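Numbering (my numbering), first residue to last: 2 to 166.
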């Protein structure tokens, strides 16, 4: 059983690490020429929060990351913020449902989160610009999201194994 202070400190560190990953990821050139595609490094921390604690902590970590990283980058309430927020919310819901109601491992949960993050972003961009043809990019975002979701799950799983020792 973790003390309240240790739990709060751990959650705060998870938020800080996820913000750091979010900021670093925005500086990494992506070898795939797909607009809006990112590796999802910060989702490693979200998965760790989900499996180390619970759904509520995952939501807290991910929402604080989106809010604080956008604030630090100076894009709070800009288009990027809304895309990130919508993708994150849908991703969290998908991860929670996949973990709670299916026999999926962390790998399946991560791929579900990755896929629904792309869906959330496409819904948001379609709503913001009122251009429904933008939905055509969805398969192009989901396809590379599957292997990256698997890689993020692998990394999160390795961290969880080491934390449980």
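Glycine included, each C-beta is placed from N, C-alpha and C at the ideal position. In this text the structure is predicted, and so the values were computed from the model without any measurement.
Length of the line joining the Cα atoms of residue i and residue j
| i | j | result |
| --- | --- | --- |
| residue 1 | residue 13 | Outside the displayed span of the chain (2 to 166) sits residue 1, for which this structure offers no information. |
| residue 62 | residue 95 | 16 Å |
| residue 30 | residue 38 | 11 Å |
| residue 160 | residue 15 | 12 Å |
| residue 73 | residue 25 | 13 Å |
| residue 119 | residue 52 | 22 Å |
| residue 27 | residue 104 | 33 Å |
| residue 93 | residue 48 | 9 Å |
| residue 91 | residue 121 | 6 Å |
| residue 109 | residue 145 | 15 Å |
| residue 57 | residue 152 | 24 Å |
| residue 59 | residue 85 | 15 Å |
| residue 156 | residue 82 | 26 Å |
| residue 44 | residue 55 | 15 Å |
| residue 148 | residue 9 | 32 Å |
| residue 69 | residue 20 | 7 Å |
| residue 131 | residue 125 | 10 Å |
| residue 2 | residue 71 | 34 Å |
| residue 135 | residue 158 | 34 Å |
| residue 142 | residue 165 | 34 Å |
Opening and closing residue of the alpha helix (DSSP H) in which residue i lies
| i | result |
| --- | --- |
| residue 81 | 80-102 |
| residue 74 | 56-74 |
| residue 122 | 107-130 |
| residue 148 | 139-164 |
Take every Cβ of the region 83-103, pair it with every Cβ of the region 111-120, and state whether three or more of those distances are shorter than 8 Å. The region 83-103, when compared against the region 111-120, does touch it at the 8 Å Cβ threshold.
Pick out the complete beta strand (DSSP E) segments inside the region 22-53, 3 residues or longer, and give them in chain order. As for any beta strand (DSSP E) of minimum length 3 sitting wholly inside the region 22-53, there is none.
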